[in-house]
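Asks: The structure is given below, and queries will be raised subsequently.
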Amino acid sequence: MHHFSYKNGTLHAEDVSLVTLAEKFGTPFYCYSTATLERHYQVLADAFGELDALICFAVKANSNQAVLATMAQMGSGMDVVSEGELRRARAAGVSADKIIFAGVGKTRDEIAFALKENILGFNVESEPELHALSDIASSLGVTANVALRVNPDVDAKTHEKISTGKAENKFGIPFERARELYAAARDLPGIEATGIHMHIGSQITDLDPFRHAFKLMRELVLALRLDGHVLHHLDIGGGLGVPYRGAIDEPPAPTEYAKVVSEAFGDLGLKIVLEPGRMIAGNAGVLVSRTLFSKREGKRTFTIVDGAMNDLLRPTLYEAHHDIWPVQERASDAPLIEQDLVGPVCETGDYLARGRALPSLAAGDLFAVMTAGAYGAVMASTYNSRPLVPEILVKGSSYAVVRPRQSYEQLLDLDQLPPWLS
Ligand code: LLP
């Protein structure tokens with residue numbers, strides 16, 4: 012559920028008209044809804060209310076300071092995958108003891124920085140990383156709390172580029188080696204393996220892959236306990252999907268997901284850590300763009316718009332579907348035209364929607380690309396020297412620019428000339 016809806020024929024984010032925002036700040040822009048972010052966090056927190064759970068928002072999904080601060084105010088922890096994300100989380104007011112540092116390629120500098128911040132723990136993805144962490148923590152005279160990320164080799168039945176829990180993926184340690192590596196960890200100085208981690212992929216809309224992985228993880232936790240390891244927490248990662256196509260790809264409700272978690276682990280006395288990203292931020296954001304031109308070539312209608320793959324990469328990278336809603340509401344019987352919504356970037360792959368039956372979008376018309384709050388702005392680039400677009404956060408009838416549009420000066424100032432050219 013989200014808080015983008017038509018009021019008097021105009022699409023609003025909560026009580027703010029997207030036309031007002033477009034006129035004031037220009038297009039394209041991202042718009043986020045506070046009520047939606049808060050609702051999603053709360054629904055998840057309530058679903059896991061019976062379990063001892065910590066929600067760590069996956070910063071990679073949306074790292075805007077205002078979004079992170081909104082989550083922090085709700086009591087959320089954060090899952091970070093770089094020093095940059097860790098700094099963002101800290102700057103947004105998240106206490107270090109609610110921050111988990113994950114990721115397959117942490118540098119020594121990043122590890123040292125996180126140790127000095129005294130974060131809650133590290134999700135470790137390989138044996139060499141375990142040794143590096145042990146080394147650095149010992150030299151700093153501290154102890155790092157560690158969870159090994161175990162790859163359970165299950166098929167998450169999602170897009171191949173966002174599937175992470177199969178043996179051929181680069182993530183985690185193989186399931187069969189887990190006991191051996193926990194044994195190795197016990198003998199290393201500077202680390203204490205107090206948890207265990209898994210994350211099998213993203214945009215998962217079926218509970219079976221979770222059930223399968225949880226069953227394996229449960230067996231592993233029991234085996235590790237028999238081996239004498241004291242495990243306090245289990246981090247089940249993120250991955251719960253969102254409905255990109257309305258009712259067609261409806262994911263399971265958080266309560267159903269929580270039930271599966273509880274059935275698998277409820278009796279083990281483990282703290283459960285969750286790392287949701289998309290489920291919190293996905294449909295809390297839209298990308299608003301305007302039609303520039305419409306052209307008909309043969310049988311195809313190209314609607315050329317001012318938003319492009321550099322602003323929202325998901326359609327290009329994953330063939331992802333995002334619903335398109337005209338900002339001015341159309342009659343329910345308005346004729347639909349099959350069209351390609353394409354951006355100005357010089358790439359054939361630059362589209363926001365392809366072969367989509369939509370009402371006509373004439374030059375000047377505004378539309379919203381829905382469910383763009385996760386992996387939208389964070390994956391934007393300045394390709395074709397297009398400045399990064401603004402991000403606007405709405406709360407009720409209030410709104411604020413939480414990232415201004417990049418100016419051409421800022422864009423050009425990123426480069427500098429070598430002495431022989433200046
Ligand atoms: N934890 C770990 C270890 C992860 O790798 C991820 C996402 C998450 C949590 C959060 O997953 P979520 O709850 O958002 O599914 N750019 C892609 C998604 C990449 C996800 C990467 N890892 C997309 O736009 O679909």
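So the sequence shown is residues 12 to 433, counted in this note's numbering. Here a beta-carbon is modelled for each residue, glycine too, at the ideal position from N, C-alpha and C.
#1: Can you tell me whether Y255 is buried or exposed, with buried defined as 16 or more other CB within 10 angstroms of its CB?
#2: Determine the closest residue to T382 out of T118, Y362, L298, with distance taken between C-alpha atoms.
#3: Answer yes or no: the CB of S213 versus the heavy atoms of the ligand LLP, is any distance below 8 Å?
#4: Would V271 and Y41 be called neighbours here (beta carbons separated by less than 9 Å)?
#5: Who are the near neighbours of G249 in its chain, counting only those whose CB is closer than 6 Å to its CB and skipping five residues on each side?
#6: Using CA coordinates, which residue listed in P200, H208, A64 is at the minimum distance from D225?
#7: Return yes when the Cβ of R416 is within less than 9 Å of the Cβ of F36, no when it is not.
#8: How about A167 and I215: are their beta carbons less than 9 Å apart?
#9: Between G360 and A194, what straight-line distance do the alpha-carbon atoms span, to the nearest angstrom?
#10: Are at least three pairs of beta-carbons, each pair with one atom in the region 45 to 52 and one in the region 314 to 323, less than 8 Å apart?
#11: Helix, strand or coil, according to DSSP, for F59 in the structure here?
#12: Select from H14, L29, H240 the residue whose C-alpha is nearest the C-alpha of P337.
#13: Classify R99 as buried or exposed, calling it buried when 16 or more other Cβ atoms lie within 10 Å of its own Cβ.
#14: If we count the other Cβ atoms within 10 Å of its Cβ and call it buried at 16 or more, is R307 buried or exposed?
#15: Taking 8 Å as the cut-off, does the CB of V92 come closer than this to any heavy atom belonging to the ligand LLP?
#16: What residue from P185, L231, E138 has the CA that sits closest to A196's CA?
#17: Give the secondary structure of G37 by DSSP, where H, G and I count as helix, E and B as strand, and everything else as coil.
#18: I need the straight-line Cα distance from P220 to A83, nearest angstrom please.
#19: Compute every distance between the C-beta of H210 and the non-hydrogen atoms of the ligand LLP, then say whether any falls below 8 Å.
#20: Unbroken alpha helix (DSSP H) runs of length 4 or more, entirely within the region 219 to 300: which are they?
#21: Among A46, Y43, A24, G60, which has the Cα closest to the Cα of K282?
#22: What alpha helix (DSSP H) runs, 4 residues minimum, are completely inside the region 167 to 221?
#23: Please state if the CB of L235 and the CB of L227 are separated by a distance shorter than 9 Å.
#24: Under 6 Å Cβ to Cβ from E25, same chain only, skipping five residues before and after it: list those, please.
#25: Leaving out five residues before and five after S145 in sequence, what residues of the same chain have Cβ atoms less than 7 Å from its Cβ?
#26: Would you call L425 buried or exposed, if buried means 16 or more other Cβ atoms sit within 10 Å of its Cβ?
#27: Could you tell me the alpha carbon to alpha carbon distance between E34 and E267, rounded to whole angstroms?
#28: For the alpha helix (DSSP H) that A379 lies in, which residues bound it at each end?
#29: Between which two residues does the beta strand (DSSP E) containing M89 stretch?
#30: Please find out if some non-hydrogen atom of the ligand LLP comes closer than 8 Å to the beta-carbon of R325.
#31: My output table needs one value for S145: the three-state DSSP class, helix, strand or coil.
#32: With distances taken from CA atoms, which of Y362, I348, A374, Y386 is nearest A368?
#33: Taking all protein chains shown into account, do 16 or more other C-beta atoms lie within 10 angstroms of the C-beta of Y397, making it buried, or fewer, making it exposed?
#34: Going by C-alpha distance, which of V413, N321, Y419 is nearest T393?
#35: Which value, in whole angstroms, describes the spacing of the CA atoms of T327 and T31?
#36: For the ligand LLP, is there a heavy atom less than 8 Å away from the beta-carbon of E267?
Replies: Checking against the coordinates, here is how it stands:
#1: buried
#2: L298
#3: yes
#4: no
#5: A69, E286, P287, G288
#6: Sequence check: residue 225 is Phe here, not Asp. Ranking the options by Cα distance to F225, first place goes to H208.
#7: yes
#8: yes
#9: 48 Å
#10: no
#11: coil
#12: L29
#13: buried
#14: exposed
#15: yes
#16: E138
#17: coil
#18: 30 Å
#19: yes
#20: 265 to 276, 289 to 292
#21: G60
#22: 189 to 197
#23: no
#24: H14, S44, A46, V405, G407
#25: L199, P200, G201, I202
#26: exposed
#27: 42 Å
#28: From DSSP, A379 is part of no alpha helix (DSSP H) but of the beta strand (DSSP E) over 377 to 380.
#29: 88 to 91
#30: yes
#31: helix
#32: I348
#33: Here residue 397 is Arg; the residue named in the question, Tyr, does not match the sequence. Buried.
#34: N321
#35: 29 Å
#36: no
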